[in-house]
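In the numbering used here, the protein residues as written are 9 to 289.
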Ligand SMILES: [Zn+2]
């Protein structure tokens with residue numbers, strides 16, 4: 009059986025790295041979307057485009073290593089985290105930061121064109137309070153990333169402040185403005201507003217907690233599942249553990265809370281639709 013975690017980080021310095029991937033596999037997981045962390049996490053300064061580019065290359069190496077040294081099939085998602093932009097804008101000024109981040113996002117797009125990565129992410133806007141100026145610029149960069157993804161016909165994974173129906177409606181306007189295909193915009197860490205997301209042309213990736221999954225399933229199966237595992241030994245329990253997506257999926261199947269067809273939709277058909285990846289190969 010195929011089980012896919014749509015948002016998983018690895019950190020070879022602060023985390024368990026391959027051991028976390030193996031835990032995922034032992035619990036029944038088979039496929040992973042490994043999301044770029046930050047340049048800083050990977051040992052680069054994160055003060056110019058070149059730093060982000062090096063960090064993305066480093067990220068590709070980590071994904072390669074997972075594919076070589078574990079039974080799990082991993083895919084790379086690369087971008088510039090919104091917090092990296094905020095940090096840079098506060099340190100070096102808005103225009104400078106915008107320019108560097110745009111260049112880095114263009115590199116992420118290049119990696120998607122070359123199929124070394126399957127999506128641009130996580131990009132978006134900070135989940136904490138920032139100045140009006142930085143907020144506006146973050147939205148501009150989010151739109152820029154979405155338009156790059158549209159050009160490359162790849163998906164984009166969005167990181168945002170916490171979301172509700174009103175926020176989905178706003179995001180829907182941006183999706184339509186950019187003109188990117190509706191199932192190519194993935195809202196990472198999405199609340200289980202499955203119907204609303206569909207109406208607005210956004211693909212939700214929901215946290216694999218019991219409550220969230222239960223609520224999502226009541227509205228259908230048009231969603232992906234994720235842990236947002238951060239792989240940081242100093243913050244155990246800050247997010248769901250690496251085994252959660254397979255564990256939860258198998259438990260729900262066993263308890264009759266999810267049927268085989270729905271599991272197939274979430275773990276095989278939806279990733280195929282969003283990323284164009286065939287996990288049955
Ligand atoms: Zn994340």
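Here a beta-carbon is modelled for each residue, glycine too, at the ideal position from N, C-alpha and C.
{"Item": "For residue 136, does the three-state DSSP call read helix, strand or coil?", "Value": "coil"}
{"Item": "Which same chain residues, not among the five before or five after residue 251, have their C-beta less than 8 Å away from its C-beta?", "Value": "31, 32, 34, 35 and 37"}
{"Item": "How should residue 101 be labelled, buried or exposed, when 16 other C-beta atoms within 10 angstroms of its C-beta is the threshold for buried?", "Value": "exposed"}
{"Item": "Quick check on DSSP: helix, strand or coil for residue 282?", "Value": "helix"}
{"Item": "Does any heavy atom of ligand 1 sit closer than 7 Å to the C-beta of residue 236?", "Value": "yes"}
{"Item": "Using the Cα positions of residue 143 and residue 136, report the straight-line distance between them to the nearest angstrom.", "Value": "10 Å"}
{"Item": "Any heavy atom of ligand 1 within a distance shorter than 7 Å of the CB on residue 43?", "Value": "yes"}
{"Item": "Per DSSP, which one or two residues make a beta bridge with residue 212?", "Value": "195"}
{"Item": "Go to residue 269, then tell me how far its beta strand (DSSP E) extends in each direction, as first and last residue.", "Value": "Segment 268-272 is the alpha helix (DSSP H) holding residue 269; no beta strand (DSSP E) there."}
{"Item": "Can you list the alpha helix (DSSP H) stretches of 4 or more residues lying completely in the segment 80-119, in chain order?", "Value": "90-100"}
{"Item": "For the beta strand (DSSP E) that contains residue 182, what are its first and last residues?", "Value": "Segment 173-186 is the alpha helix (DSSP H) holding residue 182; no beta strand (DSSP E) there."}
{"Item": "Within the present structure, is the beta-carbon of residue 169 separated from the nearest heavy atom of ligand 1 by less than 7 Å?", "Value": "no"}
{"Item": "Going straight from the alpha carbon of residue 271 to that of residue 141, what length do you get?", "Value": "43 Å"}
{"Item": "Compute every distance between the C-beta of residue 203 and the non-hydrogen atoms of ligand 2, then say whether any falls below 7 Å.", "Value": "Inclusion of ligand 2 in the displayed structure is not the case, the ligand content consisting of ligand 1 alone."}
{"Item": "Given 7 Å as the limit, tell me if residue 130 has its C-beta closer than that to any heavy atom belonging to ligand 1.", "Value": "yes"}
{"Item": "Starting from the C-beta of residue 120, find all residues in its chain whose C-beta is less than 6 Å away, skip the five residues before and the five after it, and write them out in chain order.", "Value": "160 and 162"}
{"Item": "Between the Cα of residue 206 and those of 189, 216, 215 and 221, spot the shortest distance and give me the residue it belongs to.", "Value": "189"}
{"Item": "Figure out for me which residue from 84, 221 and 41 has the closest Cα to the Cα of residue 122.", "Value": "84"}
{"Item": "Residue 57 by DSSP, collapsed to three states: which one?", "Value": "helix"}
{"Item": "Which whole-angstrom value is the C-beta distance of residue 147 and residue 112, which I expect to be below 8 Å?", "Value": "The Cβ separation is near 17 Å, so there is no contact."}
{"Item": "Tell me which residues share the same chain as residue 168 and place their Cβ nearer than 6 Å to its Cβ, disregarding the 5 neighbours each side in the sequence.", "Value": "132 and 133"}
{"Item": "Looking at C-alpha atoms only, which residue of 212, 165, 267 and 150 is the closest neighbour of residue 173?", "Value": "212"}
{"Item": "Could I get the ranges of all uninterrupted alpha helix (DSSP H) runs contained in the segment 16-43, with 4 residues as the minimum, in chain order?", "Value": "26-34"}
{"Item": "Name the DSSP bridge partner or partners of residue 237?", "Value": "16"}
{"Item": "Tell whether a beta-carbon distance below 8 Å holds between residue 223 and residue 200.", "Value": "yes"}
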